[in-house]
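According to the numbering used here, the sequence shown is numbered sequentially starting from 1. What follows is a short report on a single structure.
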Amino acid sequence: MSAPTPTPTSTGEVVRRETNLRQLEIAITRRLDGMLQGDHQAVLRGAGSEAGEGRAYTPGDDARRIDWNLSARANEVSVRDTIADRELETWLVVDASASLDFGTAVWEKRDLAITAAAAFGLLGAKSGNRCAAVIFDGEGLQITPPRAGRDAVMQLLRRLEQRPRAAERSASLADAIRRTRALAKRRGRVVVISDLIDRGPWPGELRMAAARHEVVVAEVTDPREWELPAVGLLTMHDPETGRRLEVQTADPKLRTRFAAAATQRREENANAIRRAGAAHLQLSTDRDWMRDLVVFAQRHRGMVRR
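Given below as structure tokens:
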């Protein structure tokens, strides 16, 4: 099936989108930034000015790094590593497939994905940090090379906001992560933003990415993906394959089986992310995304603002 031809965008639609992005920027850079006051240390070691972890002295260590207070407490000569003063390169792996065009609460999953990309992009657009993106859908991959500054992040968000609806075709999260690993030459941060509705080999690719980079998986979901409402005969449509199926939601056994299968899939995704060594941020269309992000930042210090 060929991709649908996008219709011309009216001036009013462009103004609305731009207004929404500016409101989102204000919410992130003022409200969210205020909740996350204070810079957090990076996870990279190297020459720098910020104190890092302490360890026992080994031959070859710089004697100037000896921490005498730590040595006295540990009863052995100890040195303290320092945090590298390096600019951070963030790669956003953004799912733009047709399954994101779904939402039964405040907004669609696509809107939530753009919000997650804005949060990690704008909060990190300081001190020379650079942001890049790999956007994937049923048509393939679109790559935005690393650029520094707020304007670069805003251009990326406009590109996401103005993308036409994706074609009814499956997208590959594994291919997107694999391509990102090949492009991200420097150690940095990789943020995967997806609903994880993909049975491909993405857990293995995620594990290999986490071996070199700091990886965050921002999972965007909708409550109707985990349970069926009792509304009688319901026609369900798979936006990525075009398949349609009629189900009788008044059947309590059907709803129970659906909820059990959904729970199993959520557990499988969470376990795969944990085994890969990545951090897991869960966002839902029926919850306050800002609160979820603040709670995540408190649990994983430095992964949002660094």
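Beta carbons are placed, not taken as given, at the ideal position from N, Cα and C, and that holds for glycine.
Completely contained alpha helix (DSSP H) runs for the segment 200–252, where each covers 4 or more residues | Fully enclosed alpha helix (DSSP H) runs of 4 or longer: 202–210.
Asp195 vs Leu92 beta-carbon contact at 8 Å = Taking the first residue of the sequence shown as 1, we reach residue 195 at position 195. Taking the first residue of the sequence shown as 1, we reach residue 92 at position 92. Contact flag unset, no.
Sorted by chain position, which residues of the same chain lie with C-beta nearer than 7 Å to Thr249's C-beta, five sequence neighbours on each side aside?
-> Translated into positions along the sequence shown, residue 249 becomes position 249. The residues Leu228, Pro229, Ala230, Val231, Gly232, Leu234, Arg255, in chain order, have a CB closer than 7 Å to that of Thr249 in the same chain once the five nearest residues on each side in sequence are set aside.
Ordered along the chain, which non-local residues of its own chain (more than five positions away) have a Cβ less than 6 Å from that of Asp286?
-> Position 286 of the sequence shown holds residue 286. Sequence-distant Cβ neighbours of Asp286 in its own chain, meaning closer than 6 Å and more than five residues away, are Ala105, Pro223.
Should Ile197 be labelled buried (16 or more other beta-carbon atoms within 10 Å of its own) or exposed?
-> Here residue 197 refers to the residue found at position 197 of the sequence shown. Looking at its Cβ environment, which holds 16 or more other Cβ atoms inside 10 Å, Ile197 is buried.
Decide if Ile26 is buried, meaning its Cβ has at least 16 other Cβ atoms within 10 Å, or exposed.
-> To locate residue 26, count along the sequence shown from 1; it is residue 26. Flag for Ile26 reads exposed.
Roughly how many angstroms separate the alpha carbons of Glu108 and Val153, rounded to a whole number?
-> As a first step, residue 108 is located in the sequence shown; it is residue number 108 there, counting from the start. As a first step, residue 153 is located in the sequence shown; it is residue number 153 there, counting from the start. Going by C-alpha positions, Glu108 is about 21 Å away from Val153.
Would you be able to state if there are at least three C-beta pairs under 8 Å between the segment 269–289 and the segment 212–221?
-> Judged by Cβ distances under 8 Å, the segment 212–221 makes contact with the segment 269–289, as three or more pairs qualify.
How about Glu76 and Ala63: are their beta carbons less than 8 Å apart?
-> For the purposes of this step, residue 76 is taken as the residue at position 76 of the sequence shown. For the purposes of this step, residue 63 is taken as the residue at position 63 of the sequence shown. Result no, Cβ atoms of Glu76 and Ala63 do not sit closer than 8 Å.
Leaving out the 5 sequence neighbours to the left and right, which residues in its chain are closer than 6 Å to Ile273 when beta-carbon positions are compared?
-> In the sequence shown, the residue the question calls residue 273 occupies position 273. Excluding sequence positions up to five before and after Ile273, its CB lies within less than 6 Å of the CB of Val217, His280, all in the same chain and listed in chain order.
For Thr90 and His120, believed in contact at Cβ under 8 Å, the rounded distance = Translated into the one-based positions of the sequence shown, residue 120 becomes position 120. Translated into the one-based positions of the sequence shown, residue 90 becomes position 90. Note that residue 120 is Phe in the sequence shown here, rather than His. Contact between Phe120 and Thr90 holds, since their C-beta atoms are separated by about 6 Å, short of 8 Å.
Secondary structure at Phe258, three-state DSSP: helix, strand or coil?
-> Counting from one through the sequence shown, the residue named residue 258 turns up at place 258. Three-state result, Phe258: helix.
Beta-carbon proximity of Leu206 to Ala176, cut-off 8 Å | Sequence index remark: in the sequence shown, residue 206 carries index 206 (1-based). Sequence index remark: in the sequence shown, residue 176 carries index 176 (1-based). It is not a contact, given that the beta carbons lie outside the stated cut-off.
Arg187 vs His213 beta-carbon contact at 8 Å | Position 187 of the sequence shown, counted from the first residue, corresponds to residue 187. Position 213 of the sequence shown, counted from the first residue, corresponds to residue 213. Yes, Cβ-Cβ distance for Arg187 and His213 is below 8 Å.
Tell me the DSSP bridge mates of Leu141?
-> For this step, residue 141 is matched to residue 141 along the sequence shown. DSSP lists Phe136 as the beta-bridge partner residues of Leu141.
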